[in-house]
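Visitor: Chains as they are written, first to last, in this note's numbering: chain A, 311 to 580; chain B, -5 to 319. Every residue gets a Cβ at the ideal spot worked out from N, C-alpha and C, and that includes glycine. What you are looking at is a predicted structure, and each value in this text was computed from that prediction instead of being measured. Provided herewith is a single structure, encoded as structure tokens, for subsequent inquiry.
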């Protein structure tokens, strides 16, 4: 028996046209994503790792419909994204949400935390004003913030607290999948571990799947089940965390692993 | 010749709006050694570095203490006198290499500009030295690169150019503020290796500002951990990382996921957030977040020797640090 993946990506290409000079002839396109395939199953964490320019964020954006694929298919819960009508797309949007890197720019500074969190519900016409307020309180509790945070503006919160708000907003529509695009990269180390703990806890409680886009191999090692290593628009290797870290097959993966600063001084004590 | 420290800061305080954000900080960097100043955002580590350079932002003022460079005071110098120190005796590199370079100036000129500041030099000689320096920092085709602009170079190459600019006058001290934070991991490894090479060849002392214990373990000789404007622990890297004597250091070390650590487990978290300078508690500033805190922590602990004379920590409960992580 095979389980249907939540997200199935086949031979996805996202190319960006380049014009040479003002009104110039089109040059060779930038092949940000150039023929990648992977599956994301319910409740698991698939990490996409790579260096800047490898196409990992573009991949996430294509899945969310924020970038148009040049070719290839993205199936979400068995439906082809390209063939969807507006109603289907809305329904799919509810199932796949995103958490960005920088919580400062991901929140409207003039919108109260409560309004930010419930805006997705409002856009999708879900619930009454009262029920949305209740939902905001519930979501805030879920991410470890006080319910009275709802009335305050993002400026009153630290970076880590704002990232909790962004996560609460991503959870508002009860998604199956959250795309985490460098979701802990901008945070201080002590805050990073708090957010990683929160992500793990939410996954356990809600059965979320994460598409975890990151350049940080230590973080990925900690949180992921499977890893796809991207370089220059293609996946050079994918497999379980154990397989990738213990027995990397691609030269590039080995280079990445070797470059991680490691010292016996930092190894966990037995 | 005596082995006077290259940099010695004594009791330096930096205030913003009357609130000390760097609070009676003392540190020293010996010839040829790398001291890592480690802490999270807002702990005052960058302001500490800027105070050495006399480049504090307008809102910040240095109100006490003394700063010595190679045995003579520099904190009393005027900005004009400091111009002769910055670049020639203290080199600087920052986190954002691309933003640190002038986008409208060719690479070669940005390097020779530094040279020309230190005295007359012919343009041919300046260019030759720029090319040689680019070659030294590992940039291929240096003769081509000097004619290019920053946008034509990658982030890693721009950081090499920054290092070339900082090192071309062979300063006694290099201040590197998060030099690899904005770089990809493979590039970070190359830059760290380059910094270690240069230090070995030229004997430059390095004050490295970072939040990354991985980087510290890789290239630092000694470490000073900052929390809320004060150094809470300092000592040789192997001692501090091996047997931390302050719970903040211990938690910082254990809270970061490790490539060889356990997976999918809750990380030992440091609860709460770094307090603002206006909300620092009396006594030990970590005590609100500290699992070991007791009544005595309401009194400020001094930076006292732990085990060896060079390994110091400001904690009443150093003997119980092994319990926290």
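#1: Consult DSSP for residue 253/B and reduce its assignment to one of helix, strand or coil.
#2: With a threshold of 7 Å between beta carbons, is residue 575/A in contact with chain B?
#3: Measuring straight from C-alpha to C-alpha, what distance separates residue 264/B and residue 507/A?
#4: The alpha helix (DSSP H) with residue 232/B in it runs from where to where?
#5: Is residue 284/B helix, strand or coil when you go by DSSP?
#6: Could you round the C-beta distance between residue 244/B and residue 318/B to whole angstroms and report it? I think they count as a contact, below 8 Å.
#7: Report, in whole angstroms, the separation of the C-beta atoms of residue 488/A and residue 520/A, which I expect to be a contact under 8 Å.
#8: What is the DSSP secondary structure of residue 336/A, counted as helix, strand or coil?
#9: Between the segment 161 to 178 of chain B and the segment 75 to 95 of chain B, do at least 3 Cβ pairs fall closer than 8 Å?
#10: Identify every residue that forms a DSSP beta bridge with residue 348/A.
#11: Could you tell me the alpha carbon to alpha carbon distance between residue 580/A and residue 240/B, rounded to whole angstroms?
#12: For residue 235/B, which residues in chain A fall below 9 Å Cβ to Cβ?
#13: So for residue 472/A, helix, strand or coil by DSSP?
#14: Taking the continuous alpha helix (DSSP H) assigned at residue 426/A, which residues delimit it?
#15: Quick one: what's got a C-beta closer than 6 Å to residue 517/A's C-beta in the same chain, skipping five residues either side?
#16: What does the alpha-carbon distance come out to for the pair residue 199/B and residue 522/A?
#17: Less than 8 Å between C-beta atoms, sequence neighbours within five positions excluded: which residues of the same chain meet that for residue 13/B?
#18: For the segment 191 to 213 of chain B, which residues have a CB atom closer than 7 Å to at least one CB atom of chain A, in sequence order?
#19: Where does residue 376/A fall in DSSP's three states?
#20: Tell me the DSSP secondary structure of residue 319/B in three-state form.
#21: Over the uninterrupted alpha helix (DSSP H) stretch that includes residue 264/B, give me the two end residues.
#22: Assuming the contact rule is C-beta atoms closer than 8 Å, residue 320/B and residue 63/B should be a hit. Round their C-beta distance to whole Å, please.
#23: To the nearest angstrom, how far is it from the Cα of residue 311/A to the Cα of residue 405/A?
#24: Could you tell me which residues DSSP pairs with residue 385/A in its beta bridges?
#25: Going along the chain, which residues of the segment 284 to 318 of chain B sit with their C-beta nearer than 7 Å to a C-beta in chain A?
#26: Between the Cα of residue 401/A and those of 390/A, 411/A, 349/A and 410/A, spot the shortest distance and give me the residue it belongs to.
#27: Run the CB neighbour count on residue 145/B, radius 10 Å, all protein chains shown included, and call it buried at 16 or more, exposed below.
#28: Taking Cβ positions only, does residue 407/A come closer than 7 Å to chain B?
#29: Under 9 Å Cβ-Cβ, which residues of chain B neighbour residue 533/A?
#30: With a Cβ-Cβ cutoff of 7 Å, do residue 157/B and residue 108/B count as a contact?
#31: Tell me, please, which residues DSSP counts as bridged to residue 349/B.
#32: Less than 7 Å between CB atoms is the rule here; does residue 66/B satisfy it with respect to chain A?
#33: What residues in its chain sit with their C-beta under 8 Å from that of residue 594/A, if we drop five residues either side in the sequence?
#34: The ligand FMN heavy atoms versus the CB of residue 165/B: any closer than 6 Å?
#35: Output the distance between the C-alpha atoms of residue 217/B and residue 350/A, rounded to the nearest integer angstrom.
#36: Among the candidates 410/A, 327/A and 379/A, whose CA atom is the shortest distance from the CA of residue 319/A?
Guide: Judging by the given coordinates:
#1: Collapsing the DSSP output to three states places residue 253/B in coil.
#2: Yes - at least one Cβ of chain B is within 7 Å of the one on residue 575/A.
#3: Linking residue 264/B to residue 507/A through their CA atoms gives a straight-line distance of about 11 Å.
#4: 231 to 236
#5: Three-state result, residue 284/B: coil.
#6: With 8 Å as the limit, residue 244/B and residue 318/B qualify as a contact, their Cβ atoms being about 5 Å apart.
#7: The Cβ separation is near 6 Å, so the contact holds.
#8: strand
#9: yes
#10: 319/A
#11: Caution applies to residue 580/A, whose pLDDT of 46 falls short of 50 and renders its modelled position unreliable; the value that the coordinates give is listed next. The straight-line gap from Cα to Cα measures roughly 20 Å.
#12: 573, 575 and 576
#13: helix
#14: 423 to 433
#15: 353
#16: 39 Å
#17: Hits under 8 Å: 271 and 272.
#18: 205, 207, 208, 209, 211 and 212
#19: In the three-state scheme derived from DSSP, where H, G and I count as helix and E and B as strand, residue 376/A is classed as coil.
#20: coil
#21: Note, residue 264/B: premise wrong, no alpha helix (DSSP H); not H, not E.
#22: Outside the displayed range of chain B (-5 to 319) lies residue 320/B, so it cannot be described from this structure.
#23: Because the pLDDT of residue 311/A is 45, which lies under 50, any placement of that residue in the model is unreliable, and the number read from its coordinates should be weighed accordingly. Cα-Cα distance, rounded: 24 Å.
#24: Paired residues: 318/A and 390/A.
#25: none
#26: The shortest Cα separation from residue 401/A among 390/A, 411/A, 349/A and 410/A belongs to 390/A.
#27: exposed
#28: no
#29: By Cβ distance, chain B contributes 251, 257 and 258.
#30: no
#31: Here chain B comprises residues numbered -5 to 319, so residue 349/B is not present and cannot be evaluated.
#32: no
#33: The shown model of chain A, from 311 to 580, leaves out residue 594/A, and the question about it has no answer.
#34: Only the bare structure without any ligand can be found here, which leaves the ligand FMN out of the picture.
#35: 42 Å
#36: Of 410/A, 327/A and 379/A, the residue nearest in Cα terms is 379/A.
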